[in-house]
Amino acid sequence: MSDSASRIVVSDLSIRYGEVTAVNGVSFEVGRGEHVTLLGPSGCGKTTTLRAIAGLEQPAIGTISIDGEVMYDAIERRNVPTEHRGVSMVFQSYAVWPHMTVLGNVAYGLRVRKLASSELSAKVERALDLVQMRHLADRPASKLSGGQQQRVALARAIAFSPTVVLFDEPLSNLDAKLRAEMRLELRELQRQLGITSVYVTHDQEEALAISDRVIVMNVGVIEQIGTPEQIYNRPRNRFVADFVGSANLIRGRVGKPLANGGTIEFMADGGHVLRATAPHALRGGETEVAVRTAYIEIGKTADANQLPGTVRRRMFHGDFVQYVIDCPLGQLIVRRPPTNLVAEGEDIELSFSPEHCILLEG
Amino acid sequence: MRFTTTAAAALLLIALPSWCQAQGKLCDNPRPMQGFKTCADVDKAEAEGAFTLYSTDPEAGQVKLLAAFNKAFPKIKTSYVRLQAGALYAKVLSERQAKSYLVDVIQLSDMGMILDFQKRGGFRQYVSPEMAAFKPEYKSQPEGYWTWGSIIMGGIAYNPNNVSAAEAPKTWQDLLDPKWTDAVNVKVSNSGLQHGVYYMLKPILGDDYFKKFAAIKPRAFDSYVQQYGRLVDGQDKIIMGAQYSGYIEFKAKGAPLAFVFPETGVPAVSETYGIVADGPHPNAAELFMDWFLSPIGQQALSEALLLHSPRADVPAPAGGVALKDMKLLVPADWHEFEKSRPEFAKEWDRIVGARR
Amino acid sequence: MTAPVKGWLRSGNHWQGAITLPVLLVVAFLVLLPVVFLLEESLNTGDPMAFPPQQYGLANYAAMLEEDLQVIVNTVVIAVTATMMAVVIGFTLAWILTRTNVPGRDRLERLMQLPYYMTPLVGALAWAVLASPKSGFFNQVWRWAGGEGDLFNIYSMFGIAWIMALFEGTVAFVMISAAMKSMDPALEESARVIGASKLRTALTVTLPLVMPGVLGATLFVFAEMLGSFAAALVIGIPARVYVITTAIWDSTLSYPPAYGRASAMGLALFVVMFAMLSGYRWMVARGSFATITGKAFRPRTMDMGRLAWPLFAVCALYIVLAVALPLAALLLTSLERFATALLSQAQFTLANYEMALALGPVRTALANSLLLGLGVATVGVLVMALLVWIIYRSEMVGRGAVEYLVMFPQAVPRLVFGLALLWAWLNMPIPIYGTLWLLALAYFTVMLPIGVRTLAGVVLQVDKSLEECARVCGAGWLYQLRTISLPLLKPGVIAAWLLIFMASVRELGVSVFLMGPNAKVIAPSIVGAFASSGIELTAAMALIQTFTVVVALMILFRLTRGMTRELT
């Protein structure tokens, strides 16, 4: 094992299926013990990238190293087969083998490694304990519920103490409540075991909740890499703003810079002037700002963008209330806590701070 | 190319032995056996322990014949292949082409093929002490290549339950009556006897006889068993070229049948036997020929297949008319007969509807 | 799992290459060699007995149009009639058994397999006994009851088509019911909710939805019918109705043999059948993958109320016509001295069985057939499983070509393939002509399509990630094959094994040419008996064959019961 700071280094990765380029020049690193999520809509190349790390897809261009060892190099024609890469993976379909018991499934990776039986059963028990499935060890895997299969798949993936675990949308087949529970457990497990993981999902909530860092992908390229907070608060472009969380996109053009902190003037279409934040150096050609629906307040706030509006629709969601508001910028969506409800038709003041009004790259 | 060398080798094989055909000689000291004499080395034959016959006779009869031989020589296991003459000959030729030798003795009911096979050097000469009892026209010149094992003849058969004696055809010409449309069966063009019937009757009855015969739409079958079966159960009324041995067999079983020997005569052909060159059990083959051509072998054949022996000292099968009491129509020139085969096959296929 | 060629080489994963490459070469050799010989022979215009041909030309093809037009017309008419009947029967039965609550559904569905075990040869013999003019049982009873003339005449074009539809059409039922089973019942239910009647629903929703499946089955069955042999042989020749397969049979079994004519007809048939099968494949590839990967639907059926019993009667009628009556007729015939349906005239005897069992060659033929069935099925399934894996799971270059290659033997009529194999192996320096080994190789080659297709169905249903997961867990290719792939494929492997076993035991077309004096098999022996030994003895032989196969299968089921139960 090398001492490099990163467990996984992916650089310039491109993967083609015939004419179609599924992944196009993707590079990123995953640190030791880090939990990185590849997030994007279906067909964005996130699963393909993950499978390439596992050795299940052959890239056309690029290199992949794990623990400093080159696993794939297109130029050197090096391709370490899956079983020698030392990674583990949880599949979207769980891929729990129906012809074995729970124990048989979990012990598989250990048997492959020819572990002594005492050590083997200790490790299997530990893994089953971690997913609370020890009482079902002897049950045929074909007789498990979806959630139980998910746990078996997880136990199997971690039983042989891999340093890297890859997750391919492992929660997508569970119902909402179970998914939320499993999310917590996964995060917990990951902390406990100190494993490095790469996680693929199209669920932005899930990605934000369980990741150290999120990589947003679209049509085979990376749109943005950052911590969940960075992705949420500083979306780099329209795609990220739109795909992660919910945001209002306001069109206009950039005015003059206002201060050193990156605050600028933004002339919205319709003449309204907003103060906005530019997280990147201005390049010209930027035409949109994004404001998160949760960051718009009803009522006046000091040192913020202010504008009048009228409540057109109100929808009660339980955890929050969503308003559709007519204002000089057009229609804005605003989400507020379900307290201090405002009635439809009421005239109100909206305010949002310049640091939540993010200038997007053009 | 592999194929060309194979072909060249095959050509050589065909050509060489025919140059070497020579007057056969009987061995000095034929060994007397139970009821026959042999020049074969019996110990070697028994050591070979097996014997294979390719023949056109129905399986049940072949099994009986071979069982009789096996009874005399229990150490020699027998096996056979049964196909119609054409098919059988094609199979043997393919095998020889590929130098795959599985057969010891072959029986064909078509002299044309026999002569062709002799020309190709397919037979091995072996003069059996028993051959002396066969007329010269019943065996190859020089002797020892092939010998007639039996004589078969074809007449007309009908079922008296379905066709009254008055109504029944008496002559070959009577068969052309349109009332027999869809009611007559014959053998397929592969049959040696059917070839004989066509070959002998056509010059006598005129060129258009078979054209008219086609108009009554005869159906063709592989063996006389099917032909007589259909007569017995009423599906057909008449057999044209009915094999006489089949009539004797079915009659003996109690089937309602009548056989007509038309005045013109009954076409007759032979079932001819010979030892195949390079067979796997040469001594057993010689021993079989000696046994088969002797009165006991011929008697066994007569009992198993109800066929007429060419030997004068073997009686006609039980319940059958003797050869001397029939007017047999036998082809005079077998080489001519052989040459007519492709034309016959095509014409017969048309007559029975297998081709347009 | 998708490890590419260069991947294996670099990583030292030699097993994959070492095993797959020889298998591919052997299969390509087995399949292509006979086809090459066939092509060469069809262009032979010289001496038919000369190898290689001394003269080449297209005369054989020209002659086909000139001389054999009637044969071609007969073939098409019979195949079309038989296909239509088979598809109508198959659709009706499939609909009743998958979409309605007909009583005894499970049992009926299992009974539907019986015609397959009967085999077309036995079926044709039985129907010859049942419906011959004059002597047929139906007609005997009809006249006994005072009727005039003949009620039925099986010796007709329709008769041939009827037998083909009854005994070779079962595949239509299997294919169409598979299509129906994969259909979401909610689609039908929504039509019912809107107010459509059951019949209207069946015609306007069910039928259009399963249409691709039905069309595919139609193409497939049509191809089968074109190459069908047994019924045309037993029924066609007495009827003076020759089809291409029997014309081929005729021209190869005559002297001088018309090998050129036979090969030309065979190749013509091959082209047509190959087009049909490719069309079928294209339809399957386009249509049914959605249904394979789609979620499993809970089988829900329509309540037919009082109609359920008439529907039951329809199914029962099929079983009676295809199984009960034929078996009864054969049984009666085999016990009589002369076949008759009128018991008052019957002379009962066991002589036919004595004779059949006394025929030493018949006993060895049956034993040989069983031996070949066991051997070919066992070895064949292993090799075919590997082929399926190569075609559907590897990323090997040219695996699409392999898929087509494996389909070849299905498009060549068996009889022609047998002839081609004969030439091919006669000219081979390996001395296996006339032995069971050649038959085994030939069976393996002609069983490739059916075996591969059956196994492919299972492989496609096994999620790829189950195998990938094993690799991620650290298992090498062989270890994964042994512990994951093969166990998961076991039910399919067993099904394929049974199919190949049955198909081998009943094999007629290729066996006819490849049998040697010491390597006989049962089906051609039955045909031989039919030709030269009378219907009573033949019936006894056919029943002995059927009975032996059933007993063999029962023993096998018993032996494998534990294995199959856990997986099905």
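Just so you know, the protein sequences line up as chains A, B and C, in that order.
Note that this note's numbering gives residue 184 to position 184 of the first sequence, counting from 1, and the numbers run on in steps of one.
This note's numbering runs 1000 ahead of the 1-based position in the second sequence.
This note's numbering runs 2000 ahead of the 1-based position in the third sequence.
Don't be surprised by glycine CBs; every beta carbon is placed ideally from N, CA and C.
These numbers were taken from a predicted model, which means no experiment stands behind them.
{"Asked": "Step through the CB atoms of chain B and report whether any lies within less than 8 Å of the CB of I2522/C.", "Found": "no"}
{"Asked": "Which residue marks the beginning of the alpha helix (DSSP H) containing C357/A, and which one marks its end?", "Found": "Unbroken run through C357/A is the beta strand (DSSP E), 357-359; no alpha helix (DSSP H)."}
{"Asked": "Span of the alpha helix (DSSP H) holding K123/A?", "Found": "117-130"}
{"Asked": "Do the CB positions of V2549/C and Y2117/C come within less than 8 Å of each other?", "Found": "yes"}
{"Asked": "I believe D1222/B touches S2532/C by the beta-carbon criterion, under 8 Å. Please report the beta-carbon distance rounded to the nearest angstrom.", "Found": "7 Å"}
{"Asked": "From this set, V2071/C, S2344/C, T2098/C, V2102/C, which residue's C-alpha is nearest R2306/C's C-alpha?", "Found": "V2102/C"}
{"Asked": "Could you work out which residues of chain B lie near N2060/C, taking near to mean beta carbons separated by less than 8 Å?", "Found": "Those within 8 Å of N2060/C in chain B number zero; the least Cβ separation is about 14 Å."}
{"Asked": "If you draw a straight line from the alpha carbon of F2297/C to that of G1229/B, how long is it in whole angstroms?", "Found": "Because F2297/C carries a pLDDT of 49, less than 50, the predicted location of this residue cannot be relied on, and no value is offered for it."}
{"Asked": "For M2447/C, report the span of its alpha helix (DSSP H) as first-last.", "Found": "2436-2461"}
{"Asked": "Helix, strand or coil for I195/A, going by three-state DSSP, please let me know.", "Found": "coil"}
{"Asked": "Give the DSSP-derived three-state secondary structure of Q1034/B in the structure shown.", "Found": "coil"}
{"Asked": "With W2423/C as the anchor, note down where its beta strand (DSSP E) starts and where it stops.", "Found": "Per DSSP, W2423/C belongs to no beta strand (DSSP E); it is in the alpha helix (DSSP H), 2414-2426."}
{"Asked": "With a CB to CB cut of under 8 Å and the five nearest residues on each side skipped, what residues in its chain are close to I2237/C?", "Found": "T2246"}
{"Asked": "Whose C-beta lies closer than 8 Å to the C-beta of T2291/C among residues of the same chain, with five residues either side of it excluded?", "Found": "Confidence in T2291/C is poor, its pLDDT being 37 and thus under 50, which makes the residue's placement too unreliable to answer from."}
{"Asked": "Taking contact to mean 3 or more Cβ pairs, one atom from each stretch, closer than 8 Å, check whether the segment 54-73 of chain A and the segment 234-249 of chain A are in contact.", "Found": "no"}
{"Asked": "Does the beta carbon of G109/A come closer than 8 Å to any beta carbon on chain C?", "Found": "yes"}
{"Asked": "Contact between the segment 334-352 of chain A and the segment 309-325 of chain A is defined here as three or more beta-carbon pairs at a separation below 8 Å; is this criterion met?", "Found": "yes"}
{"Asked": "Using a Cβ cut-off of 8 Å (strictly closer), state whether S1150/B contacts chain C.", "Found": "no"}
{"Asked": "Spatial neighbours of Q1054/B within its chain, please: C-beta separation below 6 Å, excluding the five flanking residues on both sides.", "Found": "Checking the displayed sequence, the identity of residue 1054/B turns out to be Tyr instead of Gln. For Y1054/B, where only same-chain residues beyond five positions count, the Cβ hits under 6 Å are V1081, L1088, V1103, I1106."}
{"Asked": "Would you say M133/A lies against chain C (beta-carbon separation less than 8 Å)?", "Found": "no"}
{"Asked": "For a quick check, are the C-beta atoms of L2069/C and V2416/C less than 8 Å apart?", "Found": "no"}
{"Asked": "Mind reading off the beta-carbon distance from I2430/C to L2024/C? Whole number of angstroms is fine, and I expect it under 8 Å.", "Found": "Actually they do not touch by this definition, with Cβ atoms about 20 Å apart."}
{"Asked": "In whole angstroms, give me the CA-to-CA distance for Q2545/C and N1283/B.", "Found": "37 Å"}
{"Asked": "Using a beta-carbon distance below 8 Å, is L120/A in contact with chain C?", "Found": "no"}
{"Asked": "Under 8 Å between the Cβ atoms of A2503/C and I2450/C?", "Found": "yes"}
{"Asked": "Does the segment 2509-2523 of chain C touch the segment 2331-2344 of chain C, meaning 3 or more C-beta pairs lie closer than 8 Å?", "Found": "no"}
{"Asked": "Buried or exposed for P1129/B, please, with buried defined as at least 16 other CB atoms from any protein chain shown within 10 angstroms of its CB.", "Found": "buried"}
{"Asked": "So, with DSSP's three-state summary, where would you put M133/A?", "Found": "coil"}
{"Asked": "Any Cβ of chain C within less than 8 Å of the Cβ of Q1021/B?", "Found": "For Q1021/B, the pLDDT reaches just 47, beneath the cut-off of 50, and the residue's location in the model is therefore unreliable, leaving the point undetermined."}
{"Asked": "Quick one: what does DSSP say R1341/B is sitting in, helix, strand or coil?", "Found": "helix"}
{"Asked": "Quick one, which residues of the segment 1050-1081 of chain B are near chain C if we go by CB-CB under 7 Å, in chain order?", "Found": "T1052, P1058, E1059, A1060, V1063, S1079, Y1080, V1081"}
{"Asked": "S93/A touches chain C at which residues, Cβ-Cβ below 7 Å?", "Found": "D2463, S2465"}
{"Asked": "According to DSSP, is Q92/A part of a helix, a strand, or is it coil?", "Found": "coil"}
{"Asked": "At which residues does the alpha helix (DSSP H) containing A2082/C begin and terminate?", "Found": "2069-2099"}
{"Asked": "CB E2109/C to CB S2263/C, shorter than 8 Å?", "Found": "no"}
{"Asked": "What residues of chain B sit near K2490/C, judged by a beta carbon separation below 8 Å?", "Found": "None at all; the shortest Cβ gap to chain B is about 41 Å."}
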